[in-house]
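Residue numbers (the numbering used here): 49 to 386. Beta carbons: idealized from backbone N, C-alpha and C, even for Gly. As the structure is a computational prediction, the values presented were derived from the model and not from experiment.
If you want it as structure tokens, here you go:
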């Protein structure tokens with residue numbers, strides 16, 4: 049990956065003047081966006097998949113660089129779709145154990161693409177395997193995500209009784225790695241099932257749970273956290289956003305430009321006030337369109353029905369929920385990606 053992209057002094061000055069003259073109400077917001085830790089995706093890589101007008105796909109990456117993990121694989125991968133054609137926001141989890149072709153590295157787990165080639169290779173892997181054009185990315189490490197959740201005041205999550213033991217086992221470790229100044233002196237455990245407002249280290253412990261059940265449930269928990277964060281901030285007044293965003297930016301890497309972020313933010317805001325985020329996952333987990341298990345040298349993976357990629361496309365581009373897709377009602381054309 050190349051060097052971090054830097055805005056020139058001239059460009060900064062020009063944009064600030066433009067904001068002063070034309071967009072005075074947004075001056076604070078515009079200034080804040082200049083502080084984004086912008087990362088660079090290879091400009092020589094052009095997607096072979098045509099972008100669809102009205103659809104913006106942003107790859108959300110949650111990386112986990114704990115010492116006892118294989119260094120910095122992408123631990124959570126989601127496609128955030130801003131769909132201006134249907135006035136919707138969608139969140140699609142991509143299972144990290146999905147068996148895919150990784151350009152230049154053979155076959156393996158999807159999350160290995162980030163380890164081998166960061167955002168550039170992950171872009172290519174997702175696009176070439178799933179035939180989806182990725183426009184931008186936002187990356188945050190789980191340790192930084194703890195701080196973000198503290199800043200926004202926590203996330204509301206419905207905790208099941210069966211999750212409590214595993215969650216509480218993970219909370220002390222997350223507490224120890226949390227760098228937020230006001231996290232308290234001792235970790236707070238969860239008592240009882242029901243709706244809880246999780247703080248930063250509690251939420252990350254919840255998102256990291258992996259031994260209670262399979263990776264698909266883990267992806268669902270991670271989507272709960274992201275959706276909870278979104279729901280927590282969408283009810284804020286616009287006047288509260290600048291201070292909030294200013295607090296969040298040190299923890300985020302992205303290749304979304306200032307103008308793009310402004311445009312997407314206001315587009316998303318207009319959708320978000322109307323309804324909840326629509327959610328899906330890939331592979332399609334059922335009895336016929338996926339097979340989980342150890343395969344060759346890849347370890348435990350999900351083999352998926354290559355024809356079910358159309359279900360993913362229908363959700364992202366045509367706003368058809370997977371449970372309403374006619375393809376999943378027909379089991380005559382299954383082809384797993386061995």
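Rounded to whole angstroms, what is the Cα-Cα separation between residue i and residue j?
i	j	result
residue 382	residue 234	51 Å
residue 100	residue 182	11 Å
residue 356	residue 331	8 Å
residue 339	residue 229	44 Å
residue 107	residue 126	6 Å
residue 210	residue 146	26 Å
residue 326	residue 271	11 Å
residue 169	residue 246	34 Å
residue 378	residue 337	10 Å
residue 366	residue 261	32 Å
residue 130	residue 186	14 Å
residue 165	residue 344	22 Å
residue 80	residue 292	The predicted position of residue 80 is uncertain, since its pLDDT is 46 and thus under 50; no value can be drawn from it.
residue 302	residue 341	34 Å
residue 71	residue 304	Summary for residue 71: the model assigns pLDDT 40, below 50, so the residue's position carries little reliability; its value from the coordinates is reported in the next sentence. Roughly 20 Å between the two C-alpha positions.
residue 111	residue 103	25 Å
residue 384	residue 251	35 Å
residue 155	residue 167	18 Å
residue 354	residue 224	42 Å
residue 138	residue 258	24 Å
residue 198	residue 212	21 Å
residue 231	residue 202	12 Å
residue 171	residue 256	24 Å
residue 153	residue 176	14 Å
residue 123	residue 277	18 Å
Identify the continuous beta strand (DSSP E) that holds residue i and give its terminal residues.
i	result
residue 184	184-189
residue 97	From DSSP, residue 97 is part of no beta strand (DSSP E); its letter is neither H nor E.
residue 203	203-207
residue 299	Run containing residue 299: none; DSSP gives neither H nor E here.
residue 136	136-142
residue 344	It is not in any beta strand (DSSP E) - residue 344 carries neither H nor E in the DSSP assignment.
Any idea what DSSP makes of residue i, helix, strand or coil?
i	result
residue 328	strand
residue 147	strand
residue 125	strand
residue 336	coil
residue 292	helix
residue 352	strand
residue 372	helix
residue 105	strand
residue 130	strand
residue 157	strand
residue 152	coil
residue 181	coil
residue 383	coil
residue 57	Low per-residue confidence applies at residue 57: pLDDT is 46, beneath 50, and the placement is therefore not dependable enough to give any value.
Residues in its own chain within less than 7 Å of residue i by CB, not counting five upstream and five downstream?
i	result
residue 386	351
residue 173	148, 150, 151, 158 and 161
residue 253	215, 218, 219 and 222
residue 226	194, 248 and 249
residue 380	none
residue 244	205, 207 and 238
residue 315	130 and 132
residue 267	141, 143 and 329
residue 370	328, 332, 359, 363 and 376
residue 269	254, 255 and 257
Tell me the residue span of the alpha helix (DSSP H) that contains residue i.
i	result
residue 361	357-366
residue 173	160-178
Can you name, in chain order, every residue of its own chain whose Cβ lies under 6 Å from the Cβ of residue i, other than the five neighbours on each side?
i	result
residue 96	none
residue 362	368 and 373
residue 281	200
residue 265	none
residue 65	Only weak support exists for where residue 65 lies, its pLDDT of 47 falling under 50; the coordinates are left without a value.
residue 334	none
residue 105	127, 129, 182 and 183
Within its chain, find whatever has a CB closer than 8 Å to the CB of residue i; leave out the 5 residues flanking it on each side and keep chain order.
i	result
residue 324	275 and 279
residue 308	184
residue 179	97, 357 and 361
residue 242	206 and 207
residue 402	The chain is shown only over 49 to 386; residue 402 falls outside these bounds and no answer can be derived.
Checklist entry - Which runs of the alpha helix (DSSP H) fall wholly inside the stretch 186-271 and span at least 4 residues, in chain order? => result 190-199, 212-225 and 248-256
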